[in-house]
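Under UniProt numbering, the residues of the sequence shown are numbered 1 to 93, in order. Glycine included, each C-beta is placed from N, C-alpha and C at the ideal position. Encoded as structure tokens, the structure appears first; notes follow it.
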Amino acid sequence: MQIWGCAKPSQVCTIQASQSITLRLIVWYVTNETLHNDLRIPTVDQLAKLYYKRFHSKLQHHPNPLVTHLASRTLPDNPPRRLKRNWCRDLLN
1 MQIWGCAKPS QVCTIQASQS ITLRLIVWYV TNETLHNDLR IPTVDQLAKL YYKRFHSKLQ
61 HHPNPLVTHL ASRTLPDNPP RRLKRNWCRD LLN
């Protein structure tokens, strides 16, 4: 799950679809949203955000200074312009 957090939206939709298909085996007359809410199952996006926030908080308090610099939200010499691809640090918002 940690690897797929910043994947393309189409790839995340594929994972979400497989999760929804599995949940659909329970009952066919209940919507996916109701299943997620009632069973308290997080969606793929929510789970990816949760894991990356945990990982990012561990980076900030790491004893190695090189690892601590990885926790910055901006990267040096990194232009803000990019394609529609998501970055891991976008999950912190």
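Check, Outcome
"Inter-residue CB distance, L35 and I41 (contact presumed, cutoff 8 angstroms)", "7 angstroms"
"Closest Cα partner of A7 within the set R54, S20 and A48", "A48"
"Buried or exposed by the 16-neighbour rule on C-beta atoms within 10 Å, applied to Y29", "exposed"
"C-beta contact flag for residue 159 and N32 at 7 angstroms", "Past the boundaries of the shown model lies residue 159; the chain is included only from 1 to 93, so the question cannot be answered."
"For L47, the three-state DSSP class (helix, strand or coil)", "helix"
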